[in-house]
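These notes concern the structure reproduced below.
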Amino acid sequence: MNPSHSDVLVLGGGVIGLSCALYLLKAGASVRVLEQGTAGCGSSHGNCGTLTPSHADPLTMPGMIGQALRWMLKRDAPLYVNPKPDPARLRWLLGFARRCNWRDFTSAADARAAILVRSRNLIEELVTNESLDCEFANGGALSVYRDRRAMEADAWHVELLERLGIGVVRKSADEVMDMEPSLLPGVAGGVFHPGDARLRPDRYVGELARRVRELGGIIEEGARIEGFATGASGIDSVDTSRGAFSGDRVVLALGAWSPLLARTLGLTLPMQPGKGYSITWTRPELCPRLPLTLCEASLCVTAWDSGFRLGSTMEFSGYDERLNQRRLGALRRGAARYLRQPEGPELREEWWGWRPMTVDEVPIIGPSARRSNLMLATGHGMMGMSMSAATGELVASLCAGPAPVLDPTPYAPSRFGL
Ligand SMILES: Cc1cc2nc3c(=O)[nH]c(=O)nc-3n(C[C@H](O)[C@H](O)[C@H](O)COP(=O)(O)OP(=O)(O)OC[C@H]3O[C@@H](n4cnc5c(N)ncnc54)[C@H](O)[C@@H]3O)c2cc1C
């Protein structure tokens with residue numbers, strides 16, 4: 039038996055790769071995860087940790103392009119597109135713009151709702167059954183508006199969730215203030231999402247990695263993937279900075295880095311990195327009880343016993359690794375418009391991460407039609423934590439297990455000829 043061979047090689051040790059590994063191990067496969075850094079060091083580290091079936095609506099909404107152009111003229115806007123010409127980014131933007139119509143919006147919302155709801159339930163099950171210590175909490179999430187017109191303009195969101203059967207309750211300004219004394223006066227109203235939940239993402243991925251190892255999986259940290267040896271049967275081996283590894287199946291779960299390595303396999307993934315930022319403090323005295331979306335500022339606030347985090351921004355500036363202080367300042371200014379204590383006493387971390395954004399806002403999960411032993415599990419965009427467990431379950435079913443619970447069709451790589 040070749041010691042560097044496993045039934046399944048998982049490329050990438052973020053929440054998606056680790057969830058795939060866990061479900062594959064439970065299905066009886068031997069699994070090795072290849073990760074260039076440490077498990078969970080990518081986008082899965084400093085995100086807001088909300089589990090949100092309420093975010094079933096994709097960004098590809100009619101009118102989004104006009105909104106995006108207006109935002110680009112505003113200094114503190116939550117969206118930034120680097121105007122420097124870049125053919126891949128331009129292609130992505132055109133593809134995204136083409137999908138901003140009601141037909142594509144509706145089918146993306148249906149696909150997202152199915153995986154979000156399944157995953158929300160599976161994550162709770164995993165937390166309980168695998169004893170994952172990650173500050174998971176049920177109890178819902180609250181979207182808050184300070185501007186009545188903005189709230190009325192978002193009425194479609196409530197109608198969409200009602201159509202999808204995802205719990206949603208409109209709240210008056212007084213009700214919102216009763217639920218959240220951490221808010222400043224002047225709230226116009228809000229929307230409560232009873233089915234949403236939250237966890238501490240770095241702890242969750244740490245706990246997933248622990249369970250993967252306990253179940254016999256191997257996580258090769260510091261193994262930077264550099265290329266592939268391919269043959270008639272697909273990928274023969276994966277070359278890394280720590281040597282070559284092989285697997286009967288190879289699951290590509292490299293988050294925003296996926297297109298870079300897929301390109302060396304002749305696959306053009308329609309994805310761009312969508313950079314976001316977060317700031318983490320110790321808890322302020324008057325800390326939000328629920329995860330909040332501060333709607334006009336497009337800002338997410340999450341609190342755990344261990345800390346308090348603001349997160350937001352969508353920056354399309356390629357693989358730029360700089361921590362932009364202006365964007366961090368925009369998070370602080372945005373929160374100060376809503377919260378009595380928008381910052382905690384002790385700053386713990388200023389962070390950025392690349393969201394793996396697909397052109398249609400639906401993840402790419404399933405076997406590649408072009409490389410026979412390759413499975414893709416990527417492109418989870420703004421919702422990778424929320425969609426992670428159902429992705430793992432689906433990949434394990436498609437690789438090794440019983441018939442999938444989730445209909446795999448909407449996520450299939452074949453929709454992009456991959
Ligand atoms: C500010 C912000 C807030 C967010 N909030 C939420 C939220 O509240 N809820 C939610 O559901 N989602 C949220 N997200 C999105 C979520 O973080 C991502 O969708 C998710 O983490 C993607 O997981 P992943 O495993 O695909 O990618 P990653 O976690 O980025 O993992 C990919 C891994 O591949 C590794 N890798 C890359 N290249 C190589 C290589 N050559 N060799 C070996 N390894 C390699 C990387 O090191 C990395 O660890 C947020 C994102 C941001 C930026």
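Under our numbering, the first residue of the sequence shown is numbered 39, with each subsequent residue one higher. Positions of the beta carbon are idealized from the N, C-alpha and C atoms, including for glycine.
Taking a cut-off of 8 angstroms for Cβ pairs, the stretch 395-403 and the stretch 250-265 do not touch, as fewer than three such pairs fall below it.
Taking all protein chains in view, the Cβ of T429 is crowded by 16 or more other Cβ atoms within 10 Å, so the residue is classified as buried. Remark: the C-beta of P91 is outside contact range of ligand 1, defined as less than 8 angstroms to any heavy atom.
DSSP places Q74 outside any alpha helix (DSSP H), giving it a letter other than H or E. Here L432 is not near P451, since their CB atoms are 9 angstroms or more apart. Within the model, the alpha-carbon separation for R108 versus M217 is close to 33 angstroms. A direct Cα-to-Cα measurement between C58 and V288 gives close to 11 angstroms. Exclusion of the five residues before and after F174 leaves V165, L237 as the residues of its chain whose Cβ lies within less than 6 angstroms of its Cβ. Distances taken from the Cβ of I256 to the heavy atoms of ligand 1 include none shorter than 8 angstroms. Approximately 6 angstroms separates the beta-carbon atoms of E200 and V206; this is inside 8 angstroms, confirming the contact. Non-local beta-carbon contacts of R137 in its own chain, meaning distances under 6 angstroms to residues more than five positions away in sequence, involve T98, D398 in chain order. With 16 or more other CB atoms across the displayed protein chains lying within 10 angstroms of its CB, Q310 is buried. By the neighbour-count criterion, in which 16 or more other beta carbons inside 10 Å mark a residue as buried, R347 falls on the buried side. Annotation for M217: the continuous alpha helix (DSSP H) segment containing it runs 211-217.
In this chain, the beta strand (DSSP E) harbouring Y118 covers 117-119. Taking the Cβ of H418 as the reference point, at least one heavy atom of ligand 1 falls within a distance shorter than 8 angstroms. A261 has its Cβ nearer than 8 angstroms to a heavy atom of ligand 1. Straight across, the Cα-Cα distance linking Q74 with T351 is about 26 angstroms. Where S275 is concerned, the enclosing beta strand (DSSP E) starts and stops at 272-278. Apart from the 5 residues on each side of it in sequence, D277 sits with its Cβ closer than 6 angstroms to the Cβ of E264, G265 in its chain, given in chain order. Not one heavy atom of ligand 1 is found less than 8 angstroms from the C-beta of Y376. DSSP, reduced to helix, strand and coil, places L47 within a strand of the structure shown. Close CB contacts of K209 within its chain, under the 8 angstroms cut and outside five residues either way in sequence, are with L180, M217, G227, G228, V229, F230 (chain order). Each of A368, W342, C333 was checked against the Cα of R187, and the nearest Cα belongs to C333. Exclusion of the five residues before and after L202 leaves A94, A151 as the residues of its chain whose Cβ lies within less than 6 angstroms of its Cβ. Between the stretch 269-285 and the stretch 324-332 there are fewer than three inter-stretch CB-CB distances shorter than 8 angstroms, so the stretches are not counted as touching. Here DSSP, grouped into helix, strand and coil, assigns V225 to coil. If you check the C-beta of A291 against ligand 1, you find a heavy atom less than 8 angstroms away. Every alpha helix (DSSP H) stretch that sits fully inside the stretch 129-175 and reaches 4 residues is listed by chain position as 140-167. Distance check between L324 and each of R378, F354, L298, R371 places R378 closest, using alpha-carbon atoms only.
A straight line joining the alpha-carbon of I161 with that of L89 spans about 9 angstroms. Residue burial is scored here from C-beta neighbours: E245 has at least 16 other C-beta atoms within 10 angstroms and is therefore classed as buried. The residues A65, in chain order, have a CB closer than 6 angstroms to that of G439 in the same chain once the five nearest residues on each side in sequence are set aside. The beta carbon of A247 is closer than 8 angstroms to those of G51, L56, A77, G78, I257 in its chain, skipping five residues each way along the sequence.
Taking the CA atoms as reference points, S296 sits about 15 angstroms from K313.
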